[in-house]
Amino acid sequence: MANEFDIQLQKLMTENLPQDVINLPVIMAEPWVLIDGDTEHPGMEGPIFDKEGNFYVCRSAPVPGFNSTIIKITPGQEMSVFYQAGQCVPVGIAIHKDGRFFVACLTGELLVLTPDGTLVRTLYPKHLGESLSMNDLVFDQNGNLYITDFRGLSNNPIGGVYRLDADYNYEKVIQITGGLALANGISLTPEGDALWIGESGRNAIVRIRLDQNGMMDHFAGLSYIYYNTGDCSPDSNKVDSDGNLYQTIMMGGRIIVLNKSGTPVTNVMVPGRQEGRNLMTPNLVIKPGTKQAYMLASGPDGSWVYTFTALAEAQVLYSHMTG
4 MANEFDIQLQ KLMTENLPQD VINLPVIMAE PWVLIDGDTE HPGMEGPIFD KEGNFYVCRS
64 APVPGFNSTI IKITPGQEMS VFYQAGQCVP VGIAIHKDGR FFVACLTGEL LVLTPDGTLV
124 RTLYPKHLGE SLSMNDLVFD QNGNLYITDF RGLSNNPIGG VYRLDADYNY EKVIQITGGL
184 ALANGISLTP EGDALWIGES GRNAIVRIRL DQNGMMDHFA GLSYIYYNTG DCSPDSNKVD
244 SDGNLYQTIM MGGRIIVLNK SGTPVTNVMV PGRQEGRNLM TPNLVIKPGT KQAYMLASGP
304 DGSWVYTFTA LAEAQVLYSH MTG
């Protein structure tokens, strides 16, 4: 039976949470590394690990004049600039099995970098003549690249999900679905039969069932699995090897974890959210081969990476597949 201290601690940690998740277990993340102390333009995106255990993160902000970079942190926490993105706004990274980095930019560029950070190609994906404002991306097991188009509002949902085919050297753009409002995070299930989308413009989490050809299934199709409440919204997400979905809540200082069926099971929070600090929590990554997760959090304390133990190990991504 919980004592009074435990009850008060739970109440403090879950303050300002939606009623549907307020009684769920809480995992408190801990500081791992400070990226920088710039509080005028805080913000990070696109965390990812390569095969050697190096951590990468986009240090970017969608404001005029901000020079974006991609930061590399070695296992020994040595920090360096991996790529100078300039006026591009990189917000998502996926690593190919051959080691190439595919970097999605809100400004419409899809950058392709070598493992040493050299730009070798720039793609400008379009659909029906319209440039895509790419936000997040993920490879399937065949090397096809799924991306989100971060456009539209709830009253004008022109965003969507697209696939760039490996067989066409990522130059063929196929629409999986349109009609989304600010399609943001994207992850595949471990089985590769569904996509999870964080739809910021509708404050929702969407699941898209895929058929054997990797297109939206005409029977199961698209489902709205979860609606967040409040003025913060779903951003990027990741899925572990058990199929649990870790959905970051931007300006909420937290992650909501849903099981593979879409039922909320756990909260993950960063210290200081009750005081309005570290509320910018847009993305996370689970380190391959481990249960150690790393979430981004920014605010008055600067831009930090926090760490916590996930419910299961990371799923095996295309970047870490062999053969």
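Residues 4 to 326 in my numbering are what the sequence shown lists, from first letter to last.
The C-beta atom is built at its ideal place from N, Cα and C for all residues, glycine as well.
Please work out which residues of its chain come closer than 7 Å, Cβ to Cβ, to residue i, disregarding the five sequence neighbours upstream and downstream, and give them in chain order.
i	result
residue 27	267, 268, 269 and 270
residue 80	36
residue 92	63, 65, 71, 108, 109 and 110
residue 98	51, 53, 104 and 322
residue 42	303 and 305
residue 276	256, 257 and 282
residue 217	143, 147 and 166
Going by C-alpha distance, which of the options is nearest residue i?
i	options	result
residue 131	104, 91, 175 and 141	175
residue 300	287, 292 and 312	287
residue 144	193, 119 and 105	193
residue 77	100, 46 and 38	38
residue 156	233, 206 and 308	206
residue 44	142, 146, 69 and 209	69
residue 265	60, 20 and 24	24
residue 196	170, 172 and 223	223
residue 1	73, 83, 158 and 191	As shown, the chain starts at 4 and ends at 326. That puts residue 1 outside it, with no answer to give.
residue 118	126, 127 and 100	100
In chain order, what residues of the same chain lie with their CB nearer than 6 Å to the CB of residue i, ignoring the 5 residues before and after it?
i	result
residue 262	247 and 268
residue 254	235 and 282
residue 345	The structure shown does not extend to residue 345, since the chain is modelled only from 4 to 326, so the question has no answer here.
residue 154	136, 161 and 162
residue 106	93, 96 and 114
Following the continuous beta strand (DSSP E) through residue i, name the residue where it begins and the one where it ends.
i	result
residue 125	122–126
residue 31	29–31
residue 95	93–98
residue 189	186–191
residue 240	236–242
residue 106	104–108
residue 75	71–76
residue 87	82–89
residue 272	267–272
residue 230	225–230
residue 212	207–212
My assumption, with CB atoms under 8 Å, is that residue i sits in contact with residue j. Please give the rounded CB distance.
i	j	result
residue 200	residue 211	7 Å
residue 242	residue 256	Their Cβ separation, rounded to whole angstroms, is 21 Å, which puts residue 242 and residue 256 out of contact at 8 Å.
residue 52	residue 294	Not a contact, Cβ separation roughly 13 Å.
residue 140	residue 95	5 Å
residue 85	residue 120	5 Å
residue 310	residue 284	Between residue 284 and residue 310 the Cβ distance is about 13 Å, and since that is not below 8 Å, they are no contact.
residue 297	residue 58	7 Å
Who are the near neighbours of residue i in its chain, counting only those whose CB is closer than 8 Å to its CB and skipping five residues on each side?
i	result
residue 164	149, 150, 151, 152, 178, 179, 180, 183, 186, 189, 198, 200 and 211
residue 221	214
residue 127	111, 112, 113 and 134
Which term fits residue i, buried or exposed, when burial requires 16 or more other beta carbons within 10 angstroms of its beta carbon?
i	result
residue 112	buried
residue 11	For residue 11, the pLDDT reaches just 47, beneath the cut-off of 50, and the residue's location in the model is therefore unreliable, leaving the point undetermined.
residue 237	buried
residue 4	Caution is warranted here: a pLDDT of 48 is assigned to residue 4, below 50, making its placement in the model unreliable, and the coordinate value is therefore given only provisionally. The residue in question, residue 4, is exposed, as its Cβ has fewer than 16 Cβ neighbours within 10 Å.
residue 317	buried
residue 90	exposed
residue 33	exposed
residue 230	exposed
residue 202	buried
Mind checking if residue i is an interface residue toward chain D, Cβ cutoff 9 Å exclusive?
i	result
residue 214	No chain D appears in the structure shown, which is made up of a single protein chain.
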